[in-house]
Amino acid sequence: MNYIVTGLLVVAVSVLLAVTGLAAVQRFVPSQVRQVHNDVAGFIYAVLGVVYAVLMALVVIAVWEDFADARDTAEREASEVDDVFRLAHRLPEPEGRQIQELAHSYAQVVVDEEWALMAQGRTSPRAWDLLDELTLGVQSVEVRTKAEQAVYAEALNRVDELADARNARLVQAGEGIPAVLWGVLVTGG
């Protein structure tokens, strides 16, 4: 909501300055002086308009790609949680059931709690704790057969991938359009 108010304020101030500048030029600069410079000013404004349009297009493309990357990372994290949950079904009891419960709790906390916190630039301590418990839970499984050993190795790999996907999601959530680019966009606008 704060971004909306700030954006509207920037637009309103920019329009006010432009109208004030136009009124001042029309009042204090004679039309004969302005008419002499119309052709040159027209070319300059056309070039500036094209440069600004290209810059805007590049920003839109960059933001769209960042959005797609963030979506892919979130989907990868969800897929890794699902993989851990499914692999835990084939691990010995009671560890397998405990790992499934931790995976479910982790996913629930991320969706219900952390997504809202990420909008404020924060993370969920509960999600971190659950991920740590999930990692320790998988690492503490005692395997007895070759089949369990293969599932165990894959579960360890999936938990590592889950942690990587979580870290990537949190990094991407903290990124945005750099302040310098915002300045250029606002000034150019």
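Take -16 as the starting number for the sequence shown in the working numbering and just add one per residue. The C-beta atom is built at its ideal place from N, Cα and C for all residues, glycine as well.
Check: Val30 versus Asp95: straight-line alpha-carbon distance, rounded; Outcome: 49 Å
Check: Limits of the unbroken alpha helix (DSSP H) element including Gln155; Outcome: 129 to 157
Check: Simplified DSSP state of Ala53, which is helix, strand or coil; Outcome: helix
Check: The stretch 120 to 133 / the stretch -7 to 7 touching (three or more Cβ pairs under 8 Å); Outcome: no
Check: Distance CB(Leu85)-CB(Leu117) smaller than 7 Å; Outcome: yes
Check: Check whether Gln155 and Ala53 have beta carbons under 7 Å apart; Outcome: yes
Check: Close Cβ partners of Ser107 (< 8 Å) along its chain, the five nearest in sequence each way excluded; Outcome: Val92, Val93, Glu96, Glu97, Leu100
Check: Cβ-based neighbour list, Ala151, same chain, cut-off 6 Å, excluding 5 preceding and 5 following; Outcome: Thr56
Check: Where Arg17 sits in the DSSP three-state scheme; Outcome: helix
Check: Between the CA atoms of Ile44 and Glu78 - distance to the nearest angstrom; Outcome: 46 Å
Check: Cβ-based neighbour list, Ser88, same chain, cut-off 7 Å, excluding 5 preceding and 5 following; Outcome: Leu113
Check: Supposed contact pair Ala138 and Val67 - C-beta distance, whole angstroms, cut 8 Å; Outcome: 6 Å
Check: Helix, strand or coil at Glu84 according to DSSP, with G and I counted as helix; Outcome: helix
Check: Continuous alpha helix (DSSP H) stretch holding Thr106: start and end; Outcome: Segment: none, Thr106 is in no alpha helix (DSSP H) and carries neither H nor E.
Check: Nearest candidate by alpha-carbon position, reference His142, set Arg69, Gly(-10), Val121; Outcome: At residue 142 the sequence reads Val, which differs from the His that was named. Checked all of Arg69, Gly(-10), Val121; the closest Cα to Val142 is Val121.
Check: Neighbour-count burial assignment, Arg18, 16 or more Cβ in a 10 Å radius; Outcome: In the sequence on display, residue 18 carries Gln and not Arg. The residue is exposed, with fewer than 16 neighbouring Cβ atoms inside 10 Å.
Check: Rounded separation between Glu125 and Ala110 - CA only; Outcome: 25 Å
Check: DSSP three-state assignment for Val43, whether helix, strand or coil; Outcome: helix
Check: Sequence-distant residues of its chain with Cβ nearer than 7 Å to Val64 (five each side left out); Outcome: Ala86, Tyr89, Ala90, Leu145
Check: Assigned exposure category for Leu248 - 16 Cβ within 10 Å defines buried; Outcome: Examination of residue 248 is not possible in this model, given that the chain is present from -16 through 172 alone.
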